[in-house]
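At position 11 of the sequence shown the residue is numbered 18 (the working numbering), and the sequence of numbers has no breaks.
By construction, the Cβ of each residue, glycine as well, lies at the ideal position given by its N, Cα and C atoms.
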Amino acid sequence: MMHYTGRAFRPPFEENSLLLQVSTGCSHNKCAFCSMYRDEPFAPSPMEDVESDIKFIGRNRTLFKRVFLVGGDPFVLPFERLKRIGELINEHIPRIEVIGCYATIPSILRKTPEQLRELAKLGYSNLNIGLESGLDDVLSFMNKGFTVAEAREALLRLNDAGISYTLNLIHGVAGAGRGLENALADAAIVNEVQPKLIIVTVLYVTWCEELAALVERGEFTPATLREDIEEEMAFLRATDLTDTFFFGMHEVCPVRVNGFLPADRDFLVGELEASLARFPEHQLDSPIRELRQA
């Protein structure tokens, strides 16, 4: 029997991965737009439970090739604990090729370059990182807990260590009237760090009571649906990537597209541009709601 407590979230690309709980909650848990772990304090899982679960999977000779460590930021765990988890996985589930997890920029910066390289050798890869925006004032307003410069440093460290990662971006996160600015800032940092995978979503005010309160008080004005779509188009046009998969198929995306960059860029932009003609004007010029795919 595996040990699971609280809610377990995973990225779309981890649907066939073994979910191994190593922590609960999120170490940061202050992002203004996110309520995933609001009522769930961060805590490491007891190491005896983690070891028991790994051995249980090993005894049952499963065919899993990927492990996704459960929790809002398992990478914040001390290096020695992450190393031990990796060693146990390698010993008892030798089929495993990738150990992935959610990771924050601060948790990456807490690891030395040498420690990151050692974790890479154990199979740590495909970290899922919420960058959200390339603008410092937006990161600060949304309580992300890091700056663009810190994000750049952390991501380049991962590159040097040989640890691949997914970057999450949120269109509309800068608010009304700032879509182009945010798109160009996002493109600037992804062009520099060259992630293997980019996942985009759009900002929903209903994601978190804190964000809804900011809107109610007039401290944040949501972008319109038209602005969100145009921001995505501007971002794609500004990218200079060599081999990145662009995933805009999240269930919250009103227009769902995906493809490789740079090969499919013109196709992706064309699909988004065509979608503008498929929404009624009153929807395009209003803040985004729960919409069916265009």
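Three-state secondary structure assigned by DSSP to residue i
i, result
"L95", "helix"
"F86", "helix"
"A301", "Low confidence applies here, because A301 scores a pLDDT of 45, under 50, leaving its location unreliable; read the following figure in that light. It is coil, neither helix nor strand."
"L142", "coil"
"V276", "helix"
"H10", "coil"
"P294", "strand"
"R159", "helix"
"G186", "helix"
"G65", "helix"
"S282", "helix"
Cβ neighbour criterion (16 or more within 10 Å) applied to residue i
i, result
"E258", "exposed"
"T154", "exposed"
"P48", "exposed"
"E280", "exposed"
"E98", "exposed"
"D247", "exposed"
"H289", "exposed"
"D325", "Because residue 325 is not part of the residues shown, which for the chain are 8 to 301, the question remains open."
"A181", "buried"
"K128", "exposed"
Spatial neighbours of residue i in its chain, beta-carbon cut-off 6 angstroms, leaving aside the 5 residues before and after
i, result
"N135", "P18, Y109 and T173"
"A183", "T228 and A230"
"F82", "C108, A110 and S114"
"E278", "V264"
Given residue i as reference, the closest of the options once Cα atoms are compared
i, options, result
"L176", "R164, E199, I206 and K118", "I206"
"L6", "A168, L243 and V180", "Lying outside 8 to 301, the shown extent of the chain, residue 6 is not represented and no answer is given."
"Q28", "Y44, V74 and M43", "V74"
"P269", "S34, M43 and V197", "V197"
"S132", "N265, E199, L232 and R164", "R164"
"D167", "S59, P120 and P294", "P120"
"N189", "R159, E160, D144 and E216", "D144"
Own chain residues within Cβ distance below 8 angstroms of residue i, not counting five before or after
i, result
"K72", "R102, I103, E104 and V105"
"G186", "H178, G179, A230, E234, D235, E237, E238 and A241"
"R159", "I196, E199 and V200"
"T251", "V197, Q201, P202, K203, L204, I205, F267 and L268"
Beta-bridge pairing of residue i - partner residues as DSSP gives them
i, result
"G107", "F75"
"Q1", "Residue 1 lies beyond the range of the chain shown here (8 to 301); nothing can be said about it."
"A50", "T31"
"T173", "N135 and L204"
"N265", "F254"
"P120", "None, per the DSSP bridge assignment."
"H178", "V209"
"T231", "P294"
Residues near residue i by beta carbon distance below 7 angstroms, same chain, minus five either side
i, result
"A50", "S30, T31 and G32"
"D193", "S140, G141, L176 and F242"
"L123", "R164, L165, A168 and I170"
Near the ligand ZN: residue i beta-carbon under 6 angstroms from a heavy atom
i, result
"L221", "Only the bare structure without any ligand can be found here, which leaves the ligand ZN out of the picture."
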